[in-house]
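Just remember that our numbering sits 27 ahead of the position in the sequence shown, which is counted from 1.
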Amino acid sequence: MKMKMILLRLLFLTSLLCSSTNQVRLVLDSSRSQFFEGTSVTLSCEEHDDSEGWTVRRNTTKRLSKCGEGWGKWSDSSCAIEFIFVQDTGVYWCESREGAASSSIQLTVSGKIRLWS
Ligand SMILES: *[C@@H]1O[C@H](CO)[C@@H](O)[C@H](O)[C@H]1NC(C)=O
C-alpha cells in the first residue's frame, strides 16, 4: 500500500516535470504565410512524447471552438482542414485537456482571385 503511494507520487512529479519541459508546438504543413480560399491546410500539435489529450483550438471573429466542431478533422495529433474559407481566418493554437496551451499562429485566408472579363 505504501509502495503504491510512493509510486503514484513519483508518477505525479514526473508528469509535472514533463509538462513543463515538453512544450507542445503548433506546426503548419507548409511555410506559406498566405492562404487562399479552397486550399487545404493541416495543423499539427508536435510534442516530444505522444500528443494525447491535445487538440487544436481557434478564435475567429465568430467564436472560440476546437477542431471537429464544424471545421477540421482531428486524427493523429493533427487537424486537417480540407477546404479553407475566408471565415477560417483566426488565431490557432494547441491546447491540452488540462488547459496548457502552445504559442499561437495567426492564419489569414484570402478570397479567390476573381477574373472579370
Ligand atoms: C478571441 O478574439 C477576440 C477578438 O479578437 C478577443 O477579444 C478574445 O479575447 C479572444 N479570446 C481568446 C480566448 O483568445
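Backbone N, C-alpha and C define an ideal beta-carbon position, used for all residues, glycine too.
With a threshold of 7 Å (Cβ to nearest heavy atom), would residue i be considered close to ligand 1?
i: L55; result: no
Are the Cβ atoms of residue i and residue j separated by less than 8 Å?
i: S129; j: L53; result: yes
i: W120; j: I108; result: no
i: L134; j: T116; result: yes
i: E122; j: R84; result: yes
Our contact map puts residue i next to residue j with C-beta atoms below 8 Å; I'd like the distance itself, whole angstroms only.
i: S104; j: W81; result: 7 Å
i: V136; j: F62; result: 5 Å
i: S71; j: F110; result: At roughly 18 Å, the Cβ-Cβ gap does not stay under 8 Å, so S71 and F110 are not in contact.
i: K139; j: Q114; result: Rounded, the Cβ-Cβ distance is 14 Å, inconsistent with contact.
Chain-ordered list of residues that sit, by beta carbon, closer than 6 Å to a heavy atom of ligand 1:
Cβ-based neighbours of ligand 1 within the cut-off: N86 and L91.
What residue ranges within the stretch 112-143 form continuous beta strand (DSSP E) runs of no fewer than 3 residues, ordered along the chain?
117-123 and 132-134
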